[in-house]
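According to our numbering, the sequence shown is numbered sequentially starting from 1.
Working notes for the structure below.
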Amino acid sequence: MSRDDCHSPANMDPADYKYVGWLYQGRSEYIWESINLRIDRDFIDPDKILRSKRLFDGNYKAKRTCDCCGAVFAWGSVYRHTPSNTIVVVGHICARKFNLLNKAALIRVQVERAAEAARKRAKIRKAAEEWLSTHPDLVELLGDEAEPEHQILKSLKNNLWNWGNLTEPQAALAYKLKQQEERREEMKEQWAEEAKNAEDVPTGSGIEITGVILSVKTKDGRYGIEYKMLVKDDRGFKVWGTHPTSLWDGGSEGYRGRRVRFIANVQRSKDDSKFGFFKRPRKAEYIEEVKAFSAGTKATYLKMLAVSNI
Ligand SMILES: [Zn+2]
């Protein structure tokens, strides 16, 4: 079909066209997303154009193709043809060819760049989701909605969602931390339960303490280095005081988890009735672990020591 209208490539006079805005009518969801994010005032809704009474009765009105050359296009610009006061829609190729003011070209570059980035992000996201589906135990820790407190877990989560996967050593580390975290939770509950049931620290001189050494620490004292120990009494409260020389038998690590009995002068803490300080420990001895340790108790204590930083 031959054309003799003024918008045909043969007749077009670029001076007669005033730029109104740009439009996109492609189907890329990424580009649409990016366009929707921009909120550009020059963007023109294609459906609105089609409803316009001033729209030129040509290609665009009939089949959404270029009013100039008839080609199908995704990116185009809208112009007002000043002599006839009609609206025409021109694809970006013709707009460039006839040197019409064409913001669509610029927007197109920007939006496509943003869309490409979004596409990449979505791809990585999908990869991360797939990776997690093969490591279901880690979803709770590293999944999209996880809020890990541990610094390493935080960085592992970032790695996963920035790269789409974790290396095997990273995954192994995550599993290890997960186990630690679970153990810590378990222990926390147990500690809380024990603290709830603990008796208040008895106050006085000549108090007998029977319990487990939770830790031994050195402290610079008036007469040089002093050894202090934290003991958890069988009644549930804890006391802190001098680690008697009679209990010395090696490095401080060897003391943890051992059962002791001693007599001391004990004072209750002002802030915590389940915590006390003892002085002048005497008749201190390690005691048999068989009787007072109920089944599993020692194992529990040792586990507890492994995860606590007392
Ligand atoms: Zn065209």
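In this text, a Cβ means the ideal position worked out from N, Cα and C, and glycines have one as well.
- Can you pull every residue whose C-beta falls closer than 5 Å to some heavy atom of ligand 1, listed in chain order? C66, C68, C69, A71, G91, C94
- Once you ignore the five residues that flank P83 on each side, which residues in its own chain have a CB closer than 8 Å to its CB? C6, D16
- Task: Using only alpha-carbon positions, find the residue among H92, A10, L55, V111 that is nearest to G32.
- Result: Before going further, note that residue 32 is Trp rather than Gly in the sequence given. With distances taken between Cα atoms, W32 lies closest to V111.
- Item | K343 burial status per 10 Å Cβ neighbour count (16 or more: buried) | Past the edges of the chain, shown from 1 to 310, lies residue 343, and the structure says nothing about it.
- Query: Leaving out five residues before and five after Y24 in sequence, what residues of the same chain have Cβ atoms less than 7 Å from its Cβ?
  - Reply: Cβ within range, chain order: I31, I35, A74, W75.
- Message: Contact between the stretch 132-148 and the stretch 165-185 is defined here as three or more beta-carbon pairs at a separation below 8 Å; is this criterion met?
- Response: These segments touch.
- Message: Quick check on A122: buried or exposed, where buried means 16 or more other Cβ atoms within 10 Å of its Cβ?
- Response: exposed
- Task: Please confirm if the stretch 190-209 is in contact with the stretch 159-167, defined as three or more CB-CB distances below 8 Å between the two stretches.
- Result: no
- Please go through the same chain and pick out, in chain order, the residues whose beta-carbon is closer than 8 Å to the beta-carbon of A171, but skip the five residues on each side of it. The residues are H135, L138.
- Query: Rounded to a whole number of angstroms, what is the C-alpha to C-alpha distance between F262 and E129?
  - Reply: 57 Å
- Query: What number of angstroms, rounded off, separates the C-alpha of W248 from the C-alpha of V231?
  - Reply: 15 Å
- Any idea what DSSP makes of K18, helix, strand or coil? strand
- Query: So, helix, strand or coil for L23, using DSSP?
  - Reply: strand
- Task: From the DSSP output, in three-state form, read off L39 for me.
- Result: In the sequence as presented, Leu is not what sits at residue 39; that position holds Ile. The answer is coil: DSSP assigns I39 none of H, G, I, E or B.
- Closest by CA to S215, which one among W240, G204, E226? Put simply, of W240, G204, E226 the residue whose alpha carbon is nearest the alpha carbon of S215 is W240.
- Message: Using 8 Å as the threshold, is the C-beta distance between S155 and V201 below it?
- Response: no
- Between the stretch 55-70 and the stretch 36-45, do at least 3 Cβ pairs fall closer than 8 Å? no
- Query: Apart from the five residues on each side of it in sequence, which residues of its chain come closer than 6 Å, Cβ to Cβ, to A391?
  - Reply: Any property of residue 391 remains undetermined from this structure, which presents the chain solely from 1 to 310.
- Query: Would you call the CB atoms of F275 and V266 closer than 8 Å?
  - Reply: no
- Give the secondary structure of V342 by DSSP, where H, G and I count as helix, E and B as strand, and everything else as coil. Absent from the structure is residue 342, since the part of the chain shown begins at 1 and ends at 310.
- Query: At which residues does the alpha helix (DSSP H) containing E103 begin and terminate?
  - Reply: Note on identity: in this sequence residue 103 is Lys, with Glu being the wrong assignment. It spans 103-133 - the alpha helix (DSSP H) in which K103 sits, taken as one unbroken run.
- Give me the Cα-Cα distance between K256 and K283, rounded to the nearest whole angstrom. One point to set straight first is that residue 256 is Arg, not Lys, in the sequence displayed. When rounded, the distance between both Cα atoms is 19 Å.
- Starting from the Cα of R108, find the closest Cα among R51, G26, N59 and give me that residue. Distances from the CA of R108 to each of R51, G26, N59 were compared; the closest alpha carbon is that of G26.
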